[in-house]
Structures are given as C-alpha cells and as structure tokens.
C-alpha cells in the first residue's frame, strides 16, 4: 500500500482511483484499426489475469465462464452494482477508451483490497466489442448483455457506427444463450427508438413483458447504477429502455 | 463514404512536420500501387476459360476453339475499373464478374450476353454463386454481404436489373472471400480481421441471414481465400482456408473448430536458396480439384504451386508435393480447375502496372495430371504443359494473355506489385507511438468540412 500513498491518482482514504486523472474524450471511433492485443479465440481469453483468486487455485480447475458482458462499460458503475447482486457470476466490461479502461481496472482492484473476498467476479478489458465479440465469447456463452447509454451517432452517415444495429444483433444473438437477455437504455429518444426497432425487427429477439421487467433486478440498475445514468437523473432527463430476450427463431 | 475504413484517417495540410510528410508520401505511394491481381476461372465442364486483368474480361470457348466476344446489351454500365472476383455457377449456366467499379455483372455462358447488372453501393471484393443458380451473393469493402435472387435466369429472358439486399455484415472489415458450402446450407465469409464466419443460408434470403453457425478463429493474419473439399462420400464438404500468416487451416464448419494446420509458408521457404526474402509467403489462392481430396495452393514467392492432401478420416492435412515451373519465374496470382478436364489452370498478372505499357498483359499456364479416378493420390506425375500443349493453343493464349509471348519481366513486376498491394490493403499499418501521436494531431475529423 506504500506505493498507493505516493500515487496522487489514487484517493488515499478509499484506495480508489480519482476520476479527474482519467479524463478521456467522450467518444472513440469504432471504425479505426485496433492496436491492442486481441485473443485469438474464446479459449485464449486468460481468465487467471481477469479473476486471479478464482482461477489461480491449483487444487481444482475452474471451468466457469463469463456470463455477463457490459458493452461500453464506461467508468464501471453497472459492473460494480452487479458484482454484489450476482456474486457467483463472472462478468466483464468492455471499453474502447484506453484511459477509461485503466480507471475501471484501478477501481476494481481498489474495491478488491478494501472489501476482501468481494468484487472478484468482475473485470474489464480494452477492446472494440463491435469487431471482436466472437474472439471473447463462444456460441451461447452469455446470459446477459448490457448496452447502457451508448454513443448516439446522430448523423445518418454514422449510423453504421451504432453499437446496436441489425447486423451486429446477429453476433449478439450468437453469443447469447437462448433465453439470455439484452438490456439497452439511452437518454436520446431517437436512439432509443432506433435500438427498439432493431430489436423488434430481429427474428431472434422478443420483448420482455411488463411483469418480467418489474421482477428483473438488473432492470432497476439500468438507470441508476451508471455514472451516465446518474447524470441524466440529476438533470431530470428522460430515459428510453429496451429489454429483449434471445429466442429460437420461428422457422 | 467512398474510401474503405482503413483509409479514413488521411492527410491534413496544416502543421505538417517532416515526419508527417514522410508518412503521407509513403501513403501516396501505396495509393499508386493499388493494383488488382489477374484472375482465372474455368467452366465446370471446361467449356470455357475466363481471365480478368484490370477491367478487361477475356473468355475463350474451348469446344469451338475460338475467342468469345462478350455482348453487353443489358443497358447497364460496363466494367471500367479493376475486376476483383470472377466465378462460374456450379451448373455452368452463369458467370459473374465484379470489382472496384461497384458493378456486379451476371453473364449467360450460352450466349455470353450480360443478363443483369447489379449496382453495388461500394466496391465489391468477393462473390459466390449458390449451387441452385438462383442466388448470387457479393461482399463489399465495408464488410456487408448482399444477395440478389435471379429467378428463372436461362439467358432467354429480358435483361433484369435487380437491386441487391443486405444479407449479413462483418463490422467494417474488408471481406476477402465468400463461399457456399457444397450442400448450400451455409454461406462462409472471410475477412481481413482474421475471421471466418459461417452463417446459415436462410430459406428467405431477402430477409437477411441472422443465424450464425460458427466462427472459425485461429488465423493470425488476414484470411485470403476459402475452399470446400468435396468428395462423393463427403458431400457436405470440409472447409480449408489460406491466410497472410502463411498457413492453410482446415475447419469443421459446424463447430468452428480448427482440425489441422499446414505451415505452407515454411515449406515454401525451405525450397528457396536465399533466405533474405523471408516472411512474405501469403497464401493467395486455394483451388480444389473436384471429387478429389487433393488441392492446389498458390503462395506468394513460390514460382509454382503446392499440392496438399486432406485425409478425411483422420482430418489432417499434408503436403504432397511442390510443382515448380521450370524455366520461368511464374508466381500464379489465381488458380482454376474443372470437373472433367484433369487440368489445373493458373494465371499471373496485374492491373494498373505503373511505369509499364504492358498494363493489361497476363500469363496463363496449365498443369495436367489430375484425374478423379485417383482421388487421394496422383495417377501420374503432374506435368506443366508447354504453351503449344495447352488446349486451345496459341489462339487461347493470344486471347487470354493479350499477347502470345510476354517478357518475363512484366509478370515478375506484376507479382511484386500484387504482393505489395495485398499487404497494403489487408495488413494493419503499424505505427510507432510518436507517429501515432503525429497522426492524431493532424486528424481529419477535427477540421470542419
């Protein structure tokens, strides 16, 4: 802990990183060539790196796999809330912005130190999820995917950069198990409608009913857990969510 | 919208440092050598052979022993930029050509009339014709695969100019190869991001193909070519792929698992005496021989072809032999074969060769000795045919090559240009940290357009 005391980017009393040292541009171009390492295939994802105590124990081989993915996890608020809500489930945040990923990494390791035994099931990776989802997850591996406050890309020319699109939904349907759930929320009405219509028109997704939404503990976190969601709530903004289940397409 | 994604961050005129200028110059050079390889395709029953060089499409009719004149009265535009992909349909009735001019032209092989011209929004990089002859799929440089249905095309109907519908998408990655599985169940697409995607071809393709069967992941560079090995006792076929990582991989498309790897680049290197030109043994084309477990592989830097055999029961790959072309430095850019001919056709050449007036020349060579009576082994030694032994002889060569005799320097330069162009197009540019910072400072999207 001596190192941390000397490090001004870490808050001395909580051991957590200080956000102001991790300022980043709000958006990143998903189309540009990536220069970070990408696992060759899902079997090459190094779990011992992401979840050290769970996968370094040599007495037994841990065969559990990541089940939740937070795509564009930002500063990691949702992951941290989910971690204690589903302590048995491995989850990962995916973020394209380098500095933000570094922040989340520091935040998780700080939380692990401050709360021994907790937050061992969450991790973060810097990647372009729009390009490399199949490199991280096998077919039907995930049970929940989260897309919280994604970049709206207003211009029609840039719609192909949106993280929810008809073609990308094919890939999400591939990594989600049947019955798995995709959660989306935004404060931009136009994007909310776009995401809803993409999901509605896709043959492998169906909307959750009102009752199902009410009993799902993850739904409550959509607007409250993330930094972005809290900002919207502070400003009294509206949010638009779409929650859909992966189904077997009617043939 | 015109340029592919990799070219998106471009130059800026302000704040140019010396380094920037250097980077720009190298990019400008890359732009100059954006050449397309010469391609060859052979009719399934060897009724005709087609070669494309640049925007030029040349067809020779073998049974009638004459050059074919293409008739384009469909009202659509003619090819005016490099053709990037040519294919015959499995039943031999259709021939399709497409490329950088964003045109997909469907030809009847009976009359060699253009039956249909489909306009693509982007440049076309690959295409595939389904075995039923009713669906043509093509991929653009932005990673979208499109489908056109051609009901009742038999060459006699009025020309139809159809619109293509998006089928599936690789996220903004150049699609390098597209193949249907022999049973027509799957469409397989390969891209520059090392990925091979196997998608179930739907009953109603115009609604899109949403069900992904598998991803075949394991190549460490761009995937350059795909082919299905198909024998009478293995009708669903087995997928093989070639890549910029100098290997050939064999895959189970149902699970996406890697069955075997063959380091063809290393094998090709062993043959060479000078080790100076290492690490560019990109596999450029794979050509299967119908009803046979042998297949031919073209490798950059290998003057000749490598014959590989796929052992279906044990699911392994092995190198059978290298067929070298003696006396000529012939590095094929594209391969083709037929069901009945027992011949392997090869071509080398390139479009837009800078500093050369032989811009539309290509060189065609043929290897004989492949018979379906011997599915696992070679009946006789494969023989590289002399120019006069090639079916069609001098007449064919004059048509397909553009000239009977060609200076060896021309096609050596062509092979080199194709190699550079392929690397520039498909290999991610690596910049040092400083260079990347430099590029960030002069980003295009910062200035108001």
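Residue numbers (the UniProt record's numbering), protein chains in the order written: chain A, 1 to 251; chain B, 1 to 449.
For every residue, glycine included, the Cβ atom is placed at its ideal position computed from N, Cα and C.
Scanning the stretch 134-195 of chain A from its first residue to its last, the whole beta strand (DSSP E) runs of 3-plus residues come out as 142-148, 176-186. Nearest to residue 96(B) by alpha-carbon distance, out of 51(B), 403(B), 235(B), is 51(B). Cβ proximity to chain B below 9 Å picks out 202, 203, 204 from the stretch 183-213 of chain A. Counted as a single uninterrupted DSSP element, the stretch harbouring residue 68(A) is not any alpha helix (DSSP H) but the beta strand (DSSP E) occupying residues 68-71. Looking at the backbone, the Cα of residue 365(B) and that of residue 390(B) are separated by about 8 Å. Burial check for residue 235(A): the Cβ neighbour count within 10 Å stays below 16, so the residue is exposed. In the same chain as residue 131(B), and ignoring 5 residues on each side of it, the C-beta atoms closer than 6 Å to its own belong to 90, 184, in chain order. Looking at the DSSP output, residue 135(B) sits in a beta bridge with 149(B).
Within the stretch 227-313 of chain B, the complete alpha helix (DSSP H) segments at least 4 residues long are 264-271, listed from N- to C-terminus.
Taking a Cβ-Cβ threshold of 8 Å, none of the residues of chain A is close to residue 385(B); the smallest such distance is about 42 Å. When DSSP reads this structure, residue 245(A) sits in a beta bridge with 181(A), 206(A). Within the stretch 144-173 of chain A, contact with chain B at the beta-carbon level (separation under 9 Å) is assigned to 157, 160, 161, 165, 166, 167, 168, 169, 170, 171, 173.
DSSP, read as helix, strand or coil, puts residue 191(B) in strand. With 16 or more other Cβ atoms inside 10 Å of its own Cβ, residue 114(B) counts as buried. Here residue 175(B) is not near residue 213(B), since their CB atoms are 8 Å or more apart. Below the 8 Å Cβ cutoff, chain B contributes no neighbours of residue 46(A), its closest Cβ being approximately 16 Å away. Sorting 38(B), 35(B), 48(B) by C-alpha distance to the C-alpha of residue 392(B) places 48(B) at the top.
Taking the CA atoms as reference points, residue 169(B) sits about 31 Å from residue 437(B). Across the structure, residue 399(B) and residue 35(B) are spaced so that their CA atoms are roughly 21 Å apart. In this chain, residue 172(B) is not harboured by any beta strand (DSSP E), its DSSP state being neither H nor E.
Non-local beta-carbon contacts of residue 137(B) in its own chain, meaning distances under 7 Å to residues more than five positions away in sequence, involve 127, 128, 145, 146, 147, 167, 178, 187 in chain order. Contact between the stretch 237-247 of chain A and the stretch 190-207 of chain A is present: three or more C-beta pairs spanning the two stretches fall below 8 Å. In summary, residue 149(A) is buried, with 16 or more beta-carbon neighbours lying within 10 Å of its beta-carbon over all protein chains present. Using a C-beta cut-off of 8 Å, the stretch 320-328 of chain B makes contact with the stretch 293-311 of chain B, since at least three inter-stretch Cβ pairs fall below that distance.
For residue 63(A), no chain B residue has a C-beta closer than 7 Å to its own C-beta; the minimum C-beta separation is roughly 18 Å. For the stretch 61-134 of chain A, the continuous alpha helix (DSSP H) assignments of 4+ residues that do not extend past its boundaries occur at 77-85, 98-114, in sequence order. In this structure, residue 72(B) lies away from residue 100(B), with their beta-carbon atoms at least 8 Å apart.
Residue 224(A) sits in a helix when the DSSP states are folded into three classes. Per DSSP, residue 103(B) is not a residue of any alpha helix (DSSP H); the beta strand (DSSP E) it occupies stretches across 103-108. Unbroken alpha helix (DSSP H) runs of no fewer than 4 residues, entirely contained in the stretch 371-436 of chain B, are found at 393-401, 408-426, following chain order. Taking the CA atoms as reference points, residue 190(B) sits about 19 Å from residue 83(B). Those residues of the stretch 6-37 of chain A placed with their C-beta closer than 9 Å to a C-beta in chain B are 29, 30, 31, 32, 33, 34, 35, ordered along the chain. In terms of beta-carbon proximity, residue 94(A) stays away from the interface with chain B, with every pair separated by 8 Å or more. Taking 8 Å as the cut-off, the Cβ atoms of residue 227(B) and residue 289(B) do not count as close. A Cβ-Cβ separation of about 13 Å leaves residue 240(B) out of contact with residue 292(B) under the 8 Å criterion.
Counting only Cβ-Cβ distances below 7 Å, residue 102(B) has no contacts in chain A at all, with the closest Cβ about 18 Å away.
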